[in-house]
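Numbering (the working numbering), first residue to last: 6 to 195.
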């Protein structure tokens with residue numbers, strides 16, 4: 006005995022598309038009209054001298070204004086004696102969705118109040134998503150974020166690793182971002 010072929014199961018919330026949606030051409034034209042409208046509005050703002058969608062050429066023109074939602078770069082706070090506030094509990098590394106924080110803990114038997122401290126505390130900014138979860142998870146208020154990010158973008162991946170000393174110093178120890186290689190060639194600089 007062969008079993009009869011069952012019709013396709015229909016779910017109660019399955020959307021049904023009419024001939025308008027199935028044609029897709031109308032939806033493509035609608036999308037092009039929306040994009041064209043935004044483009045035309047920005048072009049009109051630019052022609053009339055009002056601020057529209059403008060491009061900033063980053064290393065040549067450094068912006069001083071940051072976005073309202075900018076969290077900035079991480080810094081480590083210090084105790085009054087100059088040691089890091091961090092007790093190497095690894096909560097920030099555990100909660101980090103990008104897994105860009107690496108901590109190696111060490112013990113100081115002479116310090117009875119805070120015997121554990123970070124021997125190595127590094128953040129890989131090439132993987133960081135700047136979500137701020139590490140700041141919220143820290144029970145000691147040892148890691149914070151400041152909005153200024155001087156020289157943080159880089160072409161060199163190794164310069165994107167910030168060590169404990171750089172995070173404690175509140176400023177990166179490397180120089181400000183280098184200009185694009187093509188920028189020097191266009192200016193005739195050898």
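The C-beta atom is built at its ideal place from N, Cα and C for all residues, glycine as well.
- Residue 30 sits in a helix when the DSSP states are folded into three classes.
- Taken through DSSP and simplified to helix, strand or coil, residue 117 comes out as coil.
- Scanning the segment 134-172 from its first residue to its last, the whole beta strand (DSSP E) runs of 3-plus residues come out as 148-151.
- In the structure shown, residue 35 adopts helical secondary structure according to DSSP, grouped into three states.
- In this structure, residue 132 sits away from residue 98, with a CB-CB distance that is not shorter than 8 Å.
- The C-alpha of residue 37 is placed about 15 Å away from the C-alpha of residue 47.
- In the DSSP assignment, residue 98 falls within the alpha helix (DSSP H) that extends over 96-100.
- The beta carbon of residue 150 lies closer than 7 Å to those of 76, 77, 78, 79, 137 and 140 in the same chain, with the five residues before and after it left out.
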